[in-house]
Amino acid sequence: MPDTAENQAKEQPENRAKEQPRRRQARGERRIAQLLEAAASVFCTTGYTAASTNAIAREAGVSPGTLYQFFPNKEAIAIELGDRLMHEMRDAYGEALAPVDPATPLEEAVGAAVDRFIAFNCDHPVFFALMHGPDIPGRIAEEHDALHATLLARVEGLLSSLLPDTSPADLSRTAQMCLGLYKAGLELVLGHEGAEREAYVRELKNVLVRYLEPLVGEHLGRDEAPAGHL
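Spelled out as structure tokens, the structure:
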């Protein structure tokens, strides 16, 4: 029977052979993340249309040849970045649009949802730049439309629990208005910083609350009547 040292000597080349692909894969993932971060910066600064692969490579501190090892063109970079952002966005609105306790004040419910969405967009300003730019790649536009449809359905579902007697057409219209108001306010929020940004966030919340209050005010933020009260 071969001794332990001989077995170890035979196993070492095999272990090294297995380890090398894993290391190359890890390095590749880090490089991709580096390039996507650089692309996000360039897209925010110049917009998608004016951005170039050379500018992205320069921002990442690599050669254009290195960039082309991972992405064939600017569109491929934008699509990968958009896919990752939309996955995160789905997680964000899943939390933001969770069912609301009927005893929750309307201001609190609206504020919590707006804060989650605003936080996501402030952390990833490239999301707005990509999704609302004048010349985004077709696949991103299609996926964003699908995301919007899903988000709209979630808002409608949330409203239907608060307004059980409202017709589907009215629920859809109200949900569309909520999203339209939010998107208009979001552009103003992202266009400012510091105290001014916070002021616009407050204004956005106020607009949504004042729009929804006549509709859901009797259903949200009202505790059950005490026992025996008529």
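The sequence shown begins at 1056 in the numbering used here and counts up by one.
C-beta: ideal position from N, C-alpha, C; glycine also.
Note that this is a predicted model, so its numbers are computed, not measured.
Q) Helix, strand or coil for Phe-1098 per DSSP? A) Residue mapping note: residue 1098 aligns to position 43 of the sequence shown, counting from 1. If DSSP states are grouped into helix, strand and coil, Phe-1098 belongs with the helices.
Q: Check the C-beta distance from Phe-1182 over to Met-1144 and give it rounded, since I have them as a contact under 8 Å.
A: To locate residue 1182, count along the sequence shown from 1; it is residue 127. To locate residue 1144, count along the sequence shown from 1; it is residue 89. At roughly 7 Å, the Cβ-Cβ gap stays under 8 Å, so Phe-1182 and Met-1144 are in contact.
Q.
On the CB-based measure, 16 or more other CB atoms within 10 Å of its CB, does Ala-1081 come out buried or exposed?
A. As a position in the sequence shown, residue 1081 is number 26, starting the count at 1. Classification for Ala-1081: exposed.
Q. Thinking C-beta only, is Leu-1152 closer than 9 Å to Leu-1213?
A. As a first step, residue 1213 must be located in the sequence shown, where it is residue number 158. As a first step, residue 1152 must be located in the sequence shown, where it is residue number 97. Taking 9 Å as the cut-off, the Cβ atoms of Leu-1213 and Leu-1152 count as close.
Q. Do Ile-1087 and Phe-1125 have their C-beta atoms closer together than 9 Å?
A. Looking up residue 1087 in the sequence shown gives position 32. Looking up residue 1125 in the sequence shown gives position 70. Going by C-beta atoms, Ile-1087 is nearer than 9 Å to Phe-1125.
Q: Put Gly-1193 into one of helix, strand or coil per three-state DSSP.
A: By one-based count along the sequence shown, residue 1193 stands at place 138. Looking at Gly-1193 - three-state DSSP - the assignment turns out to be helix.
Q | Cβ contact (3+ pairs, closer than 8 Å) linking the stretch 1182-1198 and the stretch 1128-1137 | A | Pairwise C-beta distances place the stretch 1182-1198 in contact with the stretch 1128-1137, as three or more of them are shorter than 8 Å.
Q. Cβ of Lys-1129 within 9 Å of Cβ of Ser-1107?
A. Residue 1129 sits at position 74 when you count from the first residue of the sequence shown. Residue 1107 sits at position 52 when you count from the first residue of the sequence shown. Contact annotation: Lys-1129 and Ser-1107 have beta-carbon atoms nearer than 9 Å.
Q) Assuming Leu-1263 and Cys-1233 make a contact with CB atoms under 8 Å, what is their CB distance in whole Å? A) Position 208 of the sequence shown holds residue 1263. Position 178 of the sequence shown holds residue 1233. Rounded, the Cβ-Cβ distance is 6 Å, consistent with contact.
Q.
Using the Cβ count rule (16 or more neighbours within 10 Å means buried), how would you classify Tyr-1123?
A. Numbered from 1 along the sequence shown, position 68 holds the residue referred to as residue 1123. Looking at its Cβ environment, which holds fewer than 16 other Cβ atoms inside 10 Å, Tyr-1123 is exposed.
**Q.** Proximity below 9 Å, CB of Tyr-1103 to CB of Asp-1178
**A.** Numbered from 1 along the sequence shown, position 48 holds the residue referred to as residue 1103. Numbered from 1 along the sequence shown, position 123 holds the residue referred to as residue 1178. No, these two residues do not count as a Cβ contact at 9 Å.
Q. Is Pro-1269 helix, strand or coil by DSSP?
A. Locating residue 1269 in the sequence shown gives position 214, counting from the first residue. In this structure, DSSP gives Pro-1269 a helical state, which the three-state scheme calls helix.
Q: Tell whether a beta-carbon distance below 9 Å holds between Ser-1300 and Pro-1154.
A: The chain is shown from 1056 up to 1285; residue 1300 falls before or after that span and cannot be answered.
Q: Could you confirm whether any beta carbon from chain B is found closer than 9 Å to the beta carbon of Leu-1270?
A: Reference to chain B is not applicable here, since this structure consists of a single protein chain.
Q: Indicate the three-state DSSP secondary structure (helix, strand or coil) for Ala-1158 in the structure shown.
A: On the sequence shown, residue 1158 is found 103 positions in, with the first residue counted as 1. Reduced to three states, the DSSP call for Ala-1158 is coil.
Q: Compare the Cα-Cα distances from Thr-1205 to each of Asp-1146, Thr-1121 and Gly-1188 and report the closest residue.
A: Residue 1205 sits at position 150 when you count from the first residue of the sequence shown. Comparing Cα positions, the closest option is Asp-1146.
(Q) Within 10 Å of its beta-carbon, does Gly-1240 have 16 or more other beta-carbons around it, so buried, or fewer, so exposed? (A) Against the sequence shown, residue 1240 aligns to sequence position 185. Buried, because 16 or more other Cβ atoms sit within 10 Å of the Cβ of Gly-1240.
Q | Spatial distance of Phe-1175 from Ala-1167 (CA atoms) | A | Taking the first residue of the sequence shown as 1, we reach residue 1175 at position 120. Taking the first residue of the sequence shown as 1, we reach residue 1167 at position 112. If I take the Cα positions, the gap works out to 13 Å.
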